[in-house]
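The structure appears right after this line, and notes come after that.
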Amino acid sequence: KFEEMQPFEWGFCLTAYNASTADSAEISAVPDRDNPKTGCNGYPFSRMKPSTK
């Protein structure tokens, strides 16, 4: 859940999308949730907001 990033309420980060094994994915860098604009390996989290429809 994001604070002070309206209209975005939450986001996700795929940090190990190309890991060769589950074990190597487990030891990869973790996202920096305090910095959602750059905390996903230097990139922003995929941010989500409520639908207006």
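One point on numbering: in my numbering, the residue at position 51 of the sequence shown is 51, and numbering is uninterrupted.
For glycine and all other residues, C-beta sits at the position ideal for the given N, C-alpha and C.
C-alpha gap between residue i and residue j, whole angstroms
{"i": "Glu26", "j": "Pro44", "result": "20 Å"}
{"i": "Gly11", "j": "Ser51", "result": "14 Å"}
{"i": "Ser46", "j": "Ser20", "result": "23 Å"}
{"i": "Gln139", "j": "Arg33", "result": "Past the edges of the chain, shown from 1 to 53, lies residue 139, and the structure says nothing about it."}
{"i": "Asp23", "j": "Pro31", "result": "17 Å"}
{"i": "Glu4", "j": "Tyr17", "result": "28 Å"}
Neighbourhood of residue i by C-beta, 7 Å cutoff - its chain only, sequence neighbours within 5 removed
{"i": "Met48", "result": "Phe8, Glu9, Trp10 and Gly11"}
Reference residue i, options the options, closest by Cα
{"i": "Lys1", "options": "Pro36, Asn18, Cys40 and Asn41", "result": "Pro36"}
{"i": "Ala29", "options": "Asp23, Met5, Glu4 and Asn41", "result": "Asn41"}
Contacts around residue i, its chain only, beta-carbon distance under 8 Å, and the 5 residues preceding and following it disregarded
{"i": "Gly39", "result": "Cys13, Pro31, Asp32, Arg33 and Phe45"}
{"i": "Lys53", "result": "none"}
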